[in-house]
Amino acid sequence: MGNFLSLPILTLAAILQATLVPQIRLLGGGPDLVYLLVLCWAINAELDSAVLWAFVGGISVDLLSSQPTGTSVLGMLITVFAISGIGQQVYRIGIILLISLVIIGTIVQQIVVLIIVLLTGHPVDLWLSLGYIIAPTILYNLVFILPVYWFIRMIQSRLE
Numbered sequence: 001m002g003n004f005l006s007l008p009i010l011t012l013a014a015i016l017q018a019t020l021v022p023q024i025r026l027l028g029g030g031p032d033l034v035y036l037l038v039l040c041w042a043i044n045a046e047l048d049s050a051v052l053w054a055f056v057g058g059i060s061v062d063l064l065s066s067q068p069t070g071t072s073v074l075g076m077l078i079t080v081f082a083i084s085g086i087g088q089q090v091y092r093i094g095i096i097l098l099i100s101l102v103i104i105g106t107i108v109q110q111i112v113v114l115i116i117v118l119l120t121g122h123p124v125d126l127w128l129s130l131g132y133i134i135a136p137t138i139l140y141n142l143v144f145i146l147p148v149y150w151f152i153r154m155i156q157s158r159l160e
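Residue 160 in the working numbering sits at position 160 of the sequence shown, with consecutive numbering throughout.
If you want it as structure tokens, here you go:
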């Protein structure tokens, strides 16, 4: 059932991310709602379900942005596979690990996007992007991670 919920939840989040988030941006960064939903789902779900959420979420974001289609999918899949590997090593995900996942995952997601944008021939100033886009995005994601995690855990507990 969780796989079927991915399409409406992630599509709505992508629409909010494309319409509402630009209104509350700090510098060039804003909360990455779809990424946070995928991250939180992947923490407590099977790998196949998390991969589906990453794919649906990434495509939803890319269809509503100027990025090449598949850009966000790649960054989210890397995060999902990393979480799966960590989940096999760790019994329980605590707040410190959750914060670490948000910080590292956001950096990986944004770096993947920057690399793909560079490969498509667009000029990117890496240092400017780090301070102007990635740092504010990390701050926003840290603020929003707990409500998003609570929301996803509520959905997952009702599906169990």
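C-beta: ideal position from N, C-alpha, C; glycine also. Note that the coordinates shown come from a computational prediction; the quantities given were computed from them, not determined experimentally.
Among the candidates the options, whose CA atom is the shortest distance from the CA of residue i?
{"i": "Pro147", "options": "Arg25, Pro31, Gly131", "result": "Pro31"}
{"i": "Gln156", "options": "Val38, Gln17, Thr19", "result": "Val38"}
{"i": "Leu12", "options": "Leu119, Gly28, Leu27, Gly58", "result": "Gly58"}
{"i": "Trp53", "options": "Gly87, Ala14, Leu20, Arg158", "result": "Ala14"}
{"i": "Leu36", "options": "Glu160, Arg158, Trp150", "result": "Trp150"}
{"i": "Ser129", "options": "Thr71, Arg25, Gly29, Gly121", "result": "Gly29"}
{"i": "Gly70", "options": "Leu97, Leu126, Thr120, Ile104", "result": "Thr120"}
Cβ atoms of residue j and residue i: under 8 Å apart, would you say?
{"i": "Gln23", "j": "Gly75", "result": "no"}
{"i": "Val124", "j": "Val80", "result": "no"}
{"i": "Pro68", "j": "Ile99", "result": "no"}
{"i": "Leu27", "j": "Pro136", "result": "yes"}
{"i": "Ile83", "j": "Ile107", "result": "no"}
{"i": "Ala16", "j": "Leu5", "result": "Reading off the sequence, residue 16 comes out as Leu, not Ala. Their beta carbons are not under 8 Å apart, which means Leu16 does not touch Leu5 by this criterion."}
{"i": "Leu77", "j": "Ala18", "result": "no"}
For residue i, which of helix, strand or coil comes out of DSSP?
{"i": "Gly2", "result": "helix"}
{"i": "Gly58", "result": "helix"}
{"i": "Gly87", "result": "helix"}
{"i": "Gly131", "result": "helix"}
{"i": "Leu26", "result": "strand"}
{"i": "Arg92", "result": "coil"}
{"i": "Thr69", "result": "coil"}
{"i": "Val51", "result": "helix"}
{"i": "Ala13", "result": "helix"}
{"i": "Gly105", "result": "helix"}
{"i": "Ala45", "result": "coil"}
{"i": "Val113", "result": "helix"}
On the DSSP bridge assignment, give the partners of residue i in chain order.
{"i": "Gly75", "result": "According to DSSP, which records beta bridges pairwise, Gly75 is partnered with nothing at all."}
Pull up the CB-CB distance for residue i and residue j, whole angstroms please, since I reckon it's below 8 Å.
{"i": "Leu142", "j": "Val102", "result": "6 Å"}
{"i": "Gly2", "j": "Ser49", "result": "6 Å"}
{"i": "Ile93", "j": "Ile138", "result": "Between Ile138 and Ile93 the Cβ distance is about 19 Å, and since that is not below 8 Å, they are no contact."}
{"i": "Leu10", "j": "Val56", "result": "5 Å"}
{"i": "Ile152", "j": "Trp41", "result": "5 Å"}
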